[in-house]
Ligand SMILES: NC(=O)c1ccc[n+]([C@@H]2O[C@H](COP(=O)([O-])OP(=O)(O)OC[C@H]3O[C@@H](n4cnc5c(N)ncnc54)[C@H](OP(=O)(O)O)[C@@H]3O)[C@@H](O)[C@H]2O)c1
Ligand SMILES: NC(=O)c1ccc[n+]([C@@H]2O[C@H](COP(=O)([O-])OP(=O)(O)OC[C@H]3O[C@@H](n4cnc5c(N)ncnc54)[C@H](OP(=O)(O)O)[C@@H]3O)[C@@H](O)[C@H]2O)c1
Ligand SMILES: NC(=O)c1ccc[n+]([C@@H]2O[C@H](COP(=O)([O-])OP(=O)(O)OC[C@H]3O[C@@H](n4cnc5c(N)ncnc54)[C@H](O)[C@@H]3O)[C@@H](O)[C@H]2O)c1
Ligand SMILES: NC(=O)c1ccc[n+]([C@@H]2O[C@H](COP(=O)([O-])OP(=O)(O)OC[C@H]3O[C@@H](n4cnc5c(N)ncnc54)[C@H](O)[C@@H]3O)[C@@H](O)[C@H]2O)c1
């Protein structure tokens, strides 16, 4: 409990930010047509690949001979990159059908 | 320039928060029917009365004999309170016409 | 003042219906109606409460105002200074006014009421034209051996009839509306350019012949067109009629014979069982084969010449005509009198004995 | 096999139209038509290309299949073993099948084709009934002295006509649709409960008389109703007719006289100029005053008894009838032969000489 | 510690309630609830501030409570007593007072505390923005209330003067921050700021005041945010910024609704009533689909008056659809059919029958005129001559004496047509300039289609 | 210093682009652009990370670039080669890999660094969520791709087992945090987490996999956010939380679109194809206004097949409105009129004439059947018998031999009716169970009205 209170005290701005981000996430999605559910899911998935940044940081931080970190880090980078590149590309393909017309 | 950079560095979270708040403000208002413009303006105006919090802080902080601050603070509180109470009340009256029907 | 209403020779429409008598009693001292005046419209003499039923002779001899739809009133038997009301068509026979004036009588011709917005409630040409347009389609359907609407059925697909309306004045527009209602494909022609939008406003197609003479200054009536124009129009009509199932013609020119628009060869190219309804029959007809008051069967194309189609619907026609007359009288009778010298546009426009 | 088509006595509709001959040539060795068969529908003999024009006698003497709409074929002059086709109405006269069979002939009665979804393209009752319903309104308008649609005009406001349709089968529904199109306020009656939704689907109001006998098992045809029910229905009809401008009755019971629904007093309460169109006239009529084939003027209410309204529109009626016949023949003729013993529902249902 | 945290959480909740409240406020169905949420959020903030143990000082409860009660009473009474029509003015006053509050706070801070440069910048900003908001709002109030006319407060080249003024104020701002600051200079600064607020609003047309109020409202929000920075209070900061952003968007939306840009509005110099189309001296007020749809949706009775324009636009079917939608929501819908509407006898009947409008809904001239005074909204769909008051009150008119539909006797009149052009009779129609009339320009079919969409969204 | 700040600003821009991108993604018109924005945001983030001078360590550019190129190529090829219909599976795989990435990072952090308790909690959370997301997504992929059937992976009382499993995992989590942590225990934890992910998805119906993927996607977002906390990276944190929130809402919306609750979906055990109405053994697929409207809007040719239901619903006028809207957007619209549609000869003609459908748009049986194979979407509006394939392929049927509209030869078939009830002939209709058929249940008029609203919003 104490720790939680401490945490809140120390990270008040962070908490504001997180909650507002959540609100923004809700607000942005709240009125989306069903047909966009899949592309949206796919797009969101691509964004969640942002975790790759962590992998890059991990490797950049690692000693050049820390093969454990390097190996796993590279694996993580590859995985994340698949998620990012594949995710955006596949979303784009899904959305091709929507480019045809303008009102 | 330097100061700005410093400021950004020191208040990164705050800046995130502010920008996200702005985005949220945009997003929340972006599709509002014309007829709600006035009530919305009025409601937003009432919220901007949040400045009253500053007035309260000012007085609470002041020494009991700092009549300059006390006088001005009380003036500020009264002004703010008019804004807040009047603002919400008038908004509510404006919105009375909308309560009639439900779809 | 007293007013008397006479019956047209063999006419089904009555210029006065029972429900209007009370209104006339407010304007006139006494109201007379000829015996049997309402029979064509299914009114018995007994229904004309508030009016006195008299013979034609008596009415002519005594009344100050005498109304007969076609205006054919024996002037010799009429009281001096009396006012006659009817459709005298002075534009067709300009001498009529003179004759009446010579007899010391006055005459209001209801077909001379200006076609303004204000006068619409008195405008017998509009109300009767409207009925004629409606009936034009019904009478055509009586002869046409085909469905008017489209029908996709198990026993075959029937295409919608094509209806061509030539002259989209009041009658033409109503014909368009009626044919549209029954599901026909309707096209219409007119020389006045303003009509285009009106035709389209009824959901029909406007077939335009370019080069029509302008008509802005003719008070709403059509002007006669050039030879070149007539030729091109005739060609287009030939074209359209060949495929039309029903042609309704209403083109009239005030004071002149009706333009000949549908030619013999045109008729001969039409499908068997097709129908032409010619509302301009009384002034010669828009179709060269038209005979006024007759149905001509020309190679199984029926040409119906009838300028009095309103009589096919005598009850409503009588009600509307009577309303027009009453509205008109309300307008011109002031304090139990008619001021023949009035500058009122409607009164002076329709007073032909000046 | 050869097939020959005969003309009805004085009938305007032809059971074969020129455009269908080629289809018959695929089914039969030779196709014959009686001279003048298409005249009522505006077809000349010359138009029947692919068929041979012969006299009635010759056709009867030579053809294997003989078609005449009303089925009135001189059996003595017909070749032995020939197949007759027409509307023999065996439900009205059950002896007819026997008579034909005795002569050694076979007969298909087109009015006995089952009313199934599959058989609809051969169903002459449907196609002719549909036309009759459409024409019922047109013929009524020929007599009614009033506007059908509502008209708010400067010469007075005209209320829409009230149309009451009794019996909403094929003809009744088409009458409803046609009256609606022309702007009437339409109400309809029927004893079959399923009709309610069908009536409403055309935008008309269904006037329900409660307590009708159920009819689910009568193959789509109406069953006779109880006395109590008849009484209440008559009362409601009395009510509705008193205000109706047009009453169209189509109620028929297979093999029995048409139910009497519109009584004398009902008619006498109707407004002058109102019209009753009785499509059940041939089986006695739904109105007691109906005379088949006549227009009765009863106190200025017109009662039109006509069970053959389709003949008012002979061209399309002929096309549809002919399509029905061709579709029917296509169904029953297999490899140039008709298998009289077939178990096919449509064939065996309409074969009355078994 | 835990109490402090609760205070922080209360602020947080307040902020969330602000956001959620404004979100609900932007849809008619939930607007009232949204206002309530925001008010609760405000209560959270105020109570938290009152209880926050981290604020050290005299306490001075009496002063606080006194000020609060005084303000609450004044605000409450003002809000309740004001006439419905004067509400926008009231909002303007309230907003000005909010700005004044921020300005007062900033002044006190400037004079009493030793601020570092950053804080000084922020305090001066709050002072400037608050002051501008104060005087600007007050002038907006006076203009809206009709107490001051545009011409009374505009000078020649006013916009140029404003630009110069702004430069001076900003220069003084920079000077105050960078160089030494004296009380005198501060007072000069305050006076200039107040004056600038007034002068800023002065040349803007009276009819554009709502836009100005919205803009000044977002200013007040920013000044509150600035004050929040001074006091390190997240709720003020977040709330202020949020309102600032929302107000800005709202201002832009309001300009868009008038088909103008914000710049265009601010440069000002427009006619007294914007948004309408001019014809000669008179100006007709115009409206749009959203406002009209809400007007229709929330009224008890609506009467359509179809005319030739309905036929030209072939709008009968969409009109019926609108009718159906309104009926489904309990609005009583009728049609007033003038005998000569259209171009042939019975023209409207043909159209409305095509659209399946039940006959009992059609009123003829007499019935319609009897029903009009009890009708909330008359919607004139492409009719003109048949609703021309000249027939009743202008003996010189060519249609004088013709019975017309007295639509102006209803509470509201909406006229759907494409332009100010006359109808068949070729005469001007004073109805369009009537107090209760609003023009809804555009092809009738399109306009009604838009109404249908809007009503569906309600 | 300034460079550092630029990096921070780049992250900030990345975050804003994420938000803006997803916002644009939620409307068909701008969706593609939105995806592009988000991708650019990601590029900002990655490049900023690569350049950030504040990260000290070996650099190891080769490893990084190697990993990136490898991943990029695999991802790109996978995305481009995959069949259109298999895209959801692909997304699932991608998502699983993202989760795996987070799990790997967390594992490395757990093993290599001395973390304080807070960081440990966060790392373990990332590890847990990432692992669950990984195996769950993989199973979802296998199910969606038809490689594994529900029955192959569900055990009796599966939900109970899952609950127990969850408790064990969480207990281990707490133990790892509070008590000493050993590598063995960590490995056990990882294995359990991976297994739980699998087991969590196993009992959920194959047809519900899209919902599951969306849920797991928001999990991945959360694990990314957790990783962001570990590395103190705002973009990861904000982006992760944002996607987590958006994903959660999206998951709920997807459930709503199927008329189910999330709980209902997760408890699972449903039929292989959810959302349809059952009739005997066969299941018809159902659809809704939004999907249908988009299908119609973005197709080249649409053919309506009106039947008796159109008449009953009196939907002819709204149908015409839909027609107009589609035509206005370049869709070719036709009507196929079957000769016996309705209840009287010419029934459909009467209705469509009333709605003013131009005659050339009406195709009779033959013309329609010729045009159907080239038609994108057939919309059956309350017809039944006249589109029954039994007439063609079931000699036992009472309507065998009747010519019908062969609507099933078009690319898509949408059937508007209220239920699975038969029509006049009283016989079942196999069309409803056809591959290309989707049922849109409801009164035809209401359904079409909804379509109209949706099309207008596109
Ligand atoms: N009923 C008859 O038998 C008959 C026959 C002949 C003449 N008239 C005369 O016609 C007039 C009828 O009066 P009314 O009020 O029906 O019509 P009106 O006075 O002619 O006015 C019609 C109005 O509709 C507007 N309009 C035209 N197209 C439009 C569109 N697509 N969308 C929206 N608005 C459109 C026009 O204004 P914008 O151009 O600004 O859009 C016009 O002012 C009377 O003067 C009458 O005497 C009647
Ligand atoms: N044309 C004629 O002359 C004639 C005459 C008599 C009989 N028939 C027969 O009628 C049939 C006509 O075929 P059809 O395809 O037009 O009709 P159908 O086969 O009778 O099917 C109509 C369908 O419309 C649906 N429906 C009813 N009301 C609805 C509403 N408000 N909204 C949406 N859907 C609704 C019904 O399904 P739900 O209940 O699930 O909604 C029903 O399955 C044929 O069998 C034909 O033989 C025709
Ligand atoms: N103010 C009002 O409210 C009002 C009321 C009724 C009529 N009017 C106007 O009165 C005028 C006359 O109406 P009407 O119906 O009595 O006209 P009409 O009977 O004199 O003529 C019928 C139509 O035939 C057309 N026509 C003439 N020659 C033609 C030709 N060669 N080819 C094709 N068409 C030809 C005319 O243009 C006219 O439209 C119209 O302008 C009408 O709008 C006004
Ligand atoms: N399957 C198909 O496609 C198809 C095609 C055409 C007709 N049908 C069916 O065939 C049946 C007969 O149609 P029809 O038009 O030849 O019928 P019909 O001519 O025999 O009778 C006309 C109508 O009168 C009604 N009626 C009988 N007695 C009545 C009474 N006392 N009062 C009121 N109404 C009374 C009947 O119910 C019927 O609706 C109907 O059920 C029809 O739906 C089916």
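Residue numbers (our numbering), protein chains in the order written: chain A, 1 to 103; chain B, 1001 to 1103; chain C, 2001 to 2354; chain D, 3001 to 3354; chain E, 4001 to 4458; chain F, 5001 to 5458.
All C-beta atoms in this analysis are idealised placements derived from N, C-alpha and C, irrespective of residue type, glycine included.
Residue from F:5138, F:5337, F:5247 whose Cα sits closest to the Cα of residue 5366 (chain F): F:5337
task: Would you grab the beta carbon distance between residue 2015 (chain C) and residue 2073 (chain C) for me? Rounded to a whole angstrom, and I think it's under 8 angstroms.
output: In fact, because the Cβ distance is near 12 angstroms, the residues do not count as touching under 8 angstroms.
query: When every heavy atom of ligand 4 is checked, does at least one fall within less than 8 angstroms of the C-beta of residue 3192 (chain D)?
result: yes
Residue 4346 (chain E) and residue 2130 (chain C) closer than 9 angstroms at C-beta: yes
query: Short check: CB of residue 4224 (chain E) to CB of residue 4247 (chain E), under 9 angstroms?
result: no
message: At the 9 angstroms Cβ level, is residue 1103 (chain B) part of the contact set with chain A, yes or no?
response: Caution is warranted here: a pLDDT of 41 is assigned to residue 1103 (chain B), below 50, making its placement in the model unreliable, and the coordinate value is therefore given only provisionally. No, because no Cβ of chain A sits closer than 9 angstroms to the Cβ of residue 1103 (chain B).
field: Secondary structure, beta strand (DSSP E): runs of 3+ residues fully inside the stretch 2059 to 2147 of chain C
entry: 2065 to 2068, 2083 to 2086, 2106 to 2109
message: Counting C-beta neighbours from all protein chains within 10 Å, is the total for residue 4002 (chain E) 16 or more, i.e. buried, or is it exposed?
response: exposed
Cut-off 6 angstroms between Cβ atoms - residues of its own chain near residue 5215 (chain F), not counting five sequence neighbours on either side: 5251
- request: Note down, in chain order, every chain D residue with its Cβ under 7 angstroms from the Cβ of residue 2300 (chain C).
  value: 3042
message: Against chain H, with Cβ distances strictly below 9 angstroms, would residue 4006 (chain E) count as a contact?
response: No chain H is part of this structure, whose protein chains are labelled A, B, C, D, E and F.
task: Grab the span of the beta strand (DSSP E) containing residue 5332 (chain F) for me, first residue to last.
output: 5332 to 5336
- request: Using a threshold of 9 angstroms, state whether the C-beta atoms of residue 2040 (chain C) and residue 2004 (chain C) are closer than that.
  value: no
task: Let me know if residue 1027 (chain B) comes out buried or exposed under the rule of 16 or more other beta-carbons within 10 Å of its beta-carbon.
output: buried
message: Using a Cβ-based criterion (distance less than 8 angstroms to any ligand heavy atom), does residue 4338 (chain E) qualify as near ligand 1?
response: yes
- request: Please confirm whether residue 2293 (chain C) and residue 2310 (chain C) have their CB atoms less than 9 angstroms apart.
  value: no
query: With a Cβ-Cβ cutoff of 9 angstroms, do residue 3149 (chain D) and residue 4353 (chain E) count as a contact?
result: yes
message: If you follow the alpha helix (DSSP H) that residue 4951 (chain F) is in, where does it begin and where does it stop?
response: In the structure as shown, chain F starts at 5001 and stops at 5458, and residue 4951 (chain F) therefore has no counterpart that could be examined.
task: Quick one: list the residues of chain C neighbouring residue 5337 (chain F), beta-carbon separation under 7 angstroms, in chain order.
output: 2152
query: Can you name the start and end residues of the alpha helix (DSSP H) that residue 4390 (chain E) belongs to?
result: 4390 to 4393
- request: Specify the secondary structure class of residue 3028 (chain D) as computed by DSSP and reduced to three states.
  value: coil
task: Would you mind sorting residue 1006 (chain B) into buried or exposed? The rule is 16 or more other CB atoms within 10 Å of its CB.
output: exposed
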